[in-house]
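To keep things clear, I will list the structure first and then write my remarks on it.
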Amino acid sequence: MLLHFVYILATNFTYSASELTTFCLRPYTNVVHVGDNTGGKYSLNMGSYW
50 MLLHFVYILA
60 TNFTYSASEL
70 TTFCLRPYTN
80 VVHVGDNTGG
90 KYSLNMGSYW
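Using this note's numbering, the letters of the sequence shown correspond one by one to residues 50 to 99.
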């Protein structure tokens with residue numbers, strides 16, 4: 050990817066897809082999660098994988 054950073058904007062109304070997108074893009078570019086925890090039922094713990 051030619052992007053240096055990808056910013057994911059999240060609120061309690063965005064669900065686990067935003068967390069999954071963040072997780073999947075991390076090997077390819079710098080991803081910054083901006084905002085609150087999502088309201089998703091199934092979430093990923095980002096810190097334990099990196």
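The beta carbon of each residue, even a glycine, is placed where N, CA and C say it ideally should be. All values reported here derive from a predicted model rather than from experimental measurement.
Strand pairing of residue i, partner residues [DSSP]
i, result
"A59", "G84"
Through-space distance from residue j to residue i, alpha-carbon basis
i, j, result
"T70", "T63", "12 Å"
"L58", "S65", "12 Å"
"V80", "T87", "16 Å"
"L74", "N61", "21 Å"
8 Å Cβ shell around residue i - same chain, five flanking residues per side excluded
i, result
"T78", "M50, L52, H53, F54 and V55"
Close Cβ partners of residue i (< 7 Å) along its chain, the five nearest in sequence each way excluded
i, result
"H82", "I57, A59 and T71"
"D85", "A59, T60 and N61"
"P76", "none"
"W99", "Reliability of the predicted coordinates at W99 is poor, the pLDDT of 49 falling under 50, and the value obtained from them is presented with this limitation in mind. Cβ neighbours of W99 beyond the five flanking positions: R75."
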